[in-house]
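Right, one structure below, let's go through it.
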Amino acid sequence: MAYRKLGVKNKHRRSMLANLTKDLIMNERIETTETRAKEARKFVDKMITYGKKGDLVSRRKALAFLHNDAEVVKKVFDVLAPRYANRNGGYTRILKLTERKGDDALMVILELVEGDAK
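Residue 318 in our numbering sits at position 83 of the sequence shown; the count goes up by one each step and never skips.
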């Protein structure tokens, strides 16, 4: 699987993406850079897919990735999975904002879309 390095070491990148995923699941909307958002959306989609499967193996995989945060996993399995039961992927959307003043990085809003597919 190809991925962006995001300018950090492997452990830092994995931890950062897990934290972005947890924040998005809990708040349903976060503001971050475009490259981080594009990477994080892959993991959010994967966590919601685990929630839709609903079996014990999927729950344990989600717990392992999300640093054993039971509250986040509970929300994925009990709230988000039923919300997206009729949708086959595409659970997130990226809305572009302006460039960040310090380093000119493009800032975006990463958010979960509404429940049913069109």
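For each residue, glycine too, the CB sits at the ideal point set by N, CA and C.
In this text the structure is predicted, and so the values were computed from the model without any measurement.
Let me check one thing: in DSSP terms, what residues is residue i bridge-paired to?
{"i": "T267", "result": "V343"}
Taking the beta strand (DSSP E) that residue i falls in, what are its first and last residues?
{"i": "L330", "result": "327-334"}
Along the chain, where does the alpha helix (DSSP H) containing residue i start, and where does it finish?
{"i": "H247", "result": "245-262"}
Out of the options, which one is the CA nearest neighbour of residue i?
{"i": "I260", "options": "A275, R249, V343", "result": "A275"}
{"i": "E269", "options": "R318, G286, N303, K331", "result": "K331"}
{"i": "F278", "options": "D290, L291, A299", "result": "A299"}
{"i": "A272", "options": "F312, K287, R328", "result": "R328"}
{"i": "D313", "options": "E266, T284, T333", "result": "T284"}
{"i": "K257", "options": "G289, H247, D339, V307", "result": "V307"}
{"i": "Y319", "options": "H247, E266, R239, M282", "result": "M282"}
Residue i: buried (16+ other C-beta within 10 angstroms of its C-beta) or exposed?
{"i": "A253", "result": "buried"}
{"i": "K353", "result": "Here K353 scores only 48 on pLDDT, less than 50, and its place in the model is too uncertain to base an answer on."}
{"i": "L315", "result": "buried"}
{"i": "K244", "result": "exposed"}
{"i": "A305", "result": "exposed"}
{"i": "S250", "result": "exposed"}
{"i": "L347", "result": "buried"}
{"i": "L291", "result": "exposed"}
{"i": "G286", "result": "buried"}
For residue i, does the three-state DSSP call read helix, strand or coil?
{"i": "L301", "result": "coil"}
{"i": "E274", "result": "helix"}
{"i": "V311", "result": "helix"}
{"i": "A320", "result": "coil"}
{"i": "Y238", "result": "coil"}
{"i": "V348", "result": "coil"}
{"i": "G286", "result": "helix"}
{"i": "K338", "result": "One detail in the question is off: residue 338 reads as Asp in this sequence, not Lys. Coil."}
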